[in-house]
Amino acid sequence: MLKSCHCCGLIHHVAPLHPNERAVCTRCDSVIDRPKNHQTSQGRTAAAAVAAMVLFPAAVLLPIIEIEKLGHYHRSSILGGIIELYKSGSLLIATVILLFSLVLPLLKILALIELSWLCSMRQRHRAWTYRWMEQIGKWSMMDVMLLALLVMMIKLSGLVQFHLGPALIAFVLCVSMSMLAAICFDPHAIWENP
Amino acid sequence: MSDPISNSDASGAEAALPTSDELASPFPVAKVKSITDASAGFRSRLWWLTLLCGLISLGLYYAAFQGQGELIAIDFSDSFGLKPEDRLKYHGVEIGAVERIELNRDRDGVLVHVRMPRQTRSMASEGARFWIVRPVFSLDSIQGLDTILGAKYLAIDPAPLGAKSASRFKGLESPPIVTPPEGSLEVTLDANSRGGLENNAPILYRGFRIGRVVQIGFATDARTVQARCAIDPEYRDLIRRNSKFWNRSGWRLDVGLTGIKLDADTLSQMISGGIEVATPTEADRNVSTGHRFKLYDKAEPEWNNWQPSLAHGEAWKRVAMRMPQPIRMALRWQERSFGFRKNQQRLGWCLPLDDGRILCLSEQSTAPKSALSDSIVYEFAGLSLPASKITIPTIPGTTNATLASASRFSISESLPAEVMRWPVGMVAEKLPDEVCDVFLAHHDASSVLAIDAARITIQESGWQIDDLVSIDRDFHGIPVVSAATSQVIGLLNITKNARVIVSP
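These protein sequence lines map, in sequence, to chains B and S.
For the first sequence, the positions run 245 to 438 when the numbering used here is used.
For the second sequence, the positions run 1170 to 1673 when the numbering used here is used.
This is the structure in structure tokens:
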């Protein structure tokens, strides 16, 4: 069987592997192929994706930050913040944030669960889902939002006081879990039938 | 891909042999590494992580919703700019937050919903009072300065402990009149006019705030203005029957040939007025709550010069619980002069002790040598005893009977039961090494004089009290109590040129 290395692109012949073996690239030593039990990678992906899914509502709905400025308090969740932006007239920004840090990450997590979970799906459908997930994944920017939060905290720390809310823990965990799920997912599983 | 095949047989633990078909192609054969078998266990471990994440998210929901507490509703006529998320504070500490504000059903006021955590929920029970702290500027007062730039907030005067729970309250329009602390002295002042006085105006004693005006209003017949005043508990002993109160409201500008003189003590006095009080050097008895004084428009010049020594404050409150009760004592004798018998006497105080002996000045217990021995009579506590019934222990070294010392004598008769006896353990052996604040324990509690340590100097004969302090002759022989230990540390000996505290 021919397989190209993910890292350097060199194409190899890969012999059938025993359960405790891995095929590695002759040039760059990265792993090209695992034994044919895709259950392992699928199981990991499913576990991480479900964990991310469980944390997602908490990250979005619970208050993430509380700002105090001169005795004025403001507490907001991610969804609440988007609604406030929308109400204050910043329609474009609200839509962008809603799309890229809420809807698309959610779709990506759902797609990952679908891919890892539903083994019975038709191969063509799974391939289609995978292509979609790749496209969505590029635009799902939860991690970027975390970075934006950090930048804001550093920039504004002199002017206002911050209290971080419970959602931040859920948010950080959710981002890490969805990243873990994406790493664990082995796309070969789509076309190599169990 | 120059010559990748040469690499292909590099260290592989268990290289699978390529088929002849594969060898023909230009691609290298992937190396195969055997790995330690960890994948089987790892799979289940990751699901544990999922479970953990689920628990964490449940915990976060719990923390967010359970810690929030209950909602209470407060009626106000106006929200005064209060907004959701503004705080409910007590003594400056946040104990709740405004959740939302809406018009009430009749649309004549607003309903403020406040979320209170469980720990502080009991403060908002029946009897709690709420008001909105906002900046108030008027000619008489400035309030709530912290809310000019910052947010408005709700303030609470909490319900007493154990009050019935309630969830609907009526808010106050303005801060409530603060109830004076327990043990305050409440007196009423009668004035001809309000004279710029306001509620909460300070009452000053030597420029020091000792209380405040609780409420000012007309007398029931509107002939005078009455100010109800509360004197703080620790200063209530400064007010005596002959104290004088006068109005120090606002400020007075005197423009004269010598220049301009602005007369105002404090900013708050300038704004909300103030009452000054002075007590004469010869202070009268204490007053009790409900006493009425006249409020003068201005002070007589000599009022500012009064300097009574009044016992007050925490140390006095502690000592006053147990104050020695000295009793009057007279030593009478007869002397022979020019062939006649002449009556002589010495008046003073003595302190009965619980070991049966009596503490007094030596000169009070010892008649002079010239006295006729059969004529000496001791009178105290309703008793009249001849010298034969008195035993004065002679202390070696003091045989000369240095009069400026104390002695303890015992009597063969028993004292009447109603006479208070002071425990011997509460009498110091000698004067302390360093001066301290003392009280002169007069029989009448309101006549007790306080002497500051700064007015005392240590002399060879004892502690000498400054000449500036006025002490009545009547205090001769009075026990002196330390403010720190409440022990009797000496007796006061008043001579022609000095007032000295001598060792007991």
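Beta carbons are placed, not taken as given, at the ideal position from N, Cα and C, and that holds for glycine.
*Under 7 Å Cβ-Cβ, which residues of chain S neighbour residue 421 of chain B?*
In chain order: 1222.
*What does a CB cutoff of less than 7 Å around residue 1297 of chain S pick up in its chain, not counting 5 residues either side in sequence?*
The residues are 1325, 1326, 1327, 1328, 1338.
*Using alpha carbons as the reference points, say which of S:1453, S:1361, S:1596, S:1343 lies closest to residue 1394 of chain S.*
Nearest option by C-alpha distance: S:1361.
*Between the beta-carbon of residue 1451 of chain S and the beta-carbon of residue 1411 of chain S, is there less than 9 Å?*
Yes.
*Alpha carbon of residue 319 of chain B to alpha carbon of residue 1238 of chain S, nearest angstrom*: One C-alpha to the other measures close to 16 Å.
*With a 10 Å radius around its C-beta and 16 neighbouring C-beta atoms as the bar for buried, classify residue 262 of chain B as buried or exposed.*
Its Cβ having fewer than 16 others within 10 Å, residue 262 of chain B is exposed.
_Give me, in chain order, the residues of the same chain whose beta-carbon lies closer than 6 Å to that of residue 293 of chain B; leave out the 5 immediate sequence neighbours on both sides._
Excluding residues within five positions, the ones whose Cβ falls inside 6 Å are 353, 356, 357, 425.
*If you drop the 5 nearest sequence neighbours on each side, which residues of the same chain put their C-beta closer than 6 Å to that of residue 1378 of chain S?*
Correct list, in chain order: 1371.
*Where does residue 306 of chain B fall in DSSP's three states?*
DSSP, read as helix, strand or coil, puts residue 306 of chain B in coil.
*Hey, is residue 1304 of chain S close to the ligand HEM, as in C-beta under 8 Å from one of its heavy atoms?*
Judged by which ligands are present, the structure shown has none, so any question about the ligand HEM falls away.
_residue 246 of chain B: first and last residue of the uninterrupted beta strand (DSSP E) it sits in_ = Counting along the chain, the beta strand (DSSP E) containing residue 246 of chain B begins and ends at 246-248.
*Decide if the stretch 1459-1471 of chain S is in contact with the stretch 1496-1511 of chain S; the criterion is three or more beta carbon pairs, one per stretch, under 8 Å apart.*
By the C-beta criterion, the stretch 1459-1471 of chain S is judged not to be in contact with the stretch 1496-1511 of chain S, since fewer than 3 inter-stretch pairs fall below 8 Å.
*Relative to the alpha-carbon of residue 1666 of chain S, which residue among S:1649, S:1673, S:1640, S:1658 has its alpha-carbon at the smallest distance?*
The shortest Cα separation from residue 1666 of chain S among S:1649, S:1673, S:1640, S:1658 belongs to S:1640.
_Between the alpha carbons of residue 1459 of chain S and residue 1652 of chain S, how many angstroms are there, rounded?_
The alpha-carbon separation between residue 1459 of chain S and residue 1652 of chain S amounts to approximately 29 Å.
*Under a three-way DSSP split, which group does residue 1475 of chain S fall into?*
In the three-state DSSP reduction, residue 1475 of chain S falls in the coil class, being neither helix nor strand.
*Determine which residues of the stretch 1249-1266 of chain S have a Cβ less than 8 Å from any Cβ of chain B, and write them out in chain order.*
Cβ contacts with chain B: 1252, 1254, 1255, 1256, 1266.
*DSSP on residue 1443 of chain S, reduced to helix/strand/coil?*
Residue 1443 of chain S carries a coil assignment under DSSP once its states are collapsed to helix, strand and coil.
*Of all Cβ atoms in chain S, is any one closer than 9 Å to the Cβ of residue 266 of chain B?*
Closer than 9 Å: yes.
*asked:* Please identify the residue among S:1478, S:1595, S:1231 whose C-alpha is closest to the C-alpha of residue 1615 of chain S.
replied: For residue 1615 of chain S, the closest of S:1478, S:1595, S:1231 by C-alpha to C-alpha distance is S:1478.
_When you compare the CB positions of residue 1201 of chain S and residue 265 of chain B, do they come within less than 9 Å of one another, or not?_
Residue 1201 of chain S places its beta carbon less than 9 Å from that of residue 265 of chain B.
*Taking C-alpha atoms, which residue in S:1607, S:1445, S:1350, S:1363 lies nearest to residue 1487 of chain S?*
That would be S:1607, whose Cα lies nearest to the Cα of residue 1487 of chain S.
*Assign residue 1277 of chain S to buried or exposed, taking buried as 16 or more other Cβ atoms, counted over all protein chains shown, within 10 Å of its Cβ.*
Looking at its Cβ environment, which holds fewer than 16 other Cβ atoms inside 10 Å, residue 1277 of chain S is exposed.
*Can you tell me whether residue 1592 of chain S is buried or exposed, with buried defined as 16 or more other CB within 10 angstroms of its CB?*
Of the other Cβ atoms in all chains shown, fewer than 16 fall within 10 Å of the Cβ of residue 1592 of chain S; this residue is therefore exposed.
*Tell me whether residue 1321 of chain S is buried or exposed, calling it buried when 16 or more other Cβ atoms sit within 10 Å of its Cβ.*
With 16 or more other Cβ atoms within 10 Å, it is buried.
*In this structure, what does DSSP give as the bridge partners for residue 1400 of chain S?*
According to DSSP, residue 1400 of chain S bridges with S:1354, S:1380.
_I'd like to know whether the C-beta of residue 247 of chain B is nearer than 9 Å to at least one C-beta of chain S._
Yes, its Cβ sits closer than 9 Å to a Cβ of chain S.
*Name the DSSP bridge partner or partners of residue 1671 of chain S?*
Assignment of beta-bridge partners to residue 1671 of chain S by DSSP yields S:1660.
*To the nearest angstrom, how far is it from the Cα of residue 329 of chain B to the Cα of residue 1286 of chain S?*
Between the C-alpha atoms of residue 329 of chain B and residue 1286 of chain S there is a straight-line separation of about 29 Å.
*Got a sec, what are the start and stop residues for the beta strand (DSSP E) residue 1326 of chain S sits in?*
1322-1326 is the extent of the beta strand (DSSP E) around residue 1326 of chain S.
*asked:* Does any residue of chain S have a CB that is nearer than 9 Å to the CB of residue 298 of chain B?
replied: Yes, because at least one Cβ of chain S sits closer than 9 Å to the Cβ of residue 298 of chain B.
*Per DSSP, cross-strand counterpart(s) of residue 1513 of chain S*: As a beta-bridge residue in DSSP terms, residue 1513 of chain S pairs with S:1502.
*Should residue 377 of chain B and residue 359 of chain B be called a contact, given that it needs their Cβ atoms to be closer than 9 Å?*
Closer than 9 Å, so yes.
*Output, in chain order, the set of chain B residues within a Cβ distance shorter than 9 Å of residue 1299 of chain S.*
Those within 9 Å of residue 1299 of chain S in chain B number zero; the least Cβ separation is about 18 Å.
*Close beta carbons around residue 1250 of chain S, own chain, < 6 Å, minus the five adjacent residues each side*: Only residues of its own chain outside the window of five on either side were considered, and among them 1321 have a CB closer than 6 Å to the CB of residue 1250 of chain S, listed in chain order.
*Going straight from the alpha carbon of residue 1657 of chain S to that of residue 1558 of chain S, what length do you get?*
Distance between the alpha carbons of residue 1657 of chain S and residue 1558 of chain S is about 26 Å.
*Classify residue 1593 of chain S as helix, strand or coil using the three-state DSSP reduction.*
In the three-state scheme derived from DSSP, where H, G and I count as helix and E and B as strand, residue 1593 of chain S is classed as helix.
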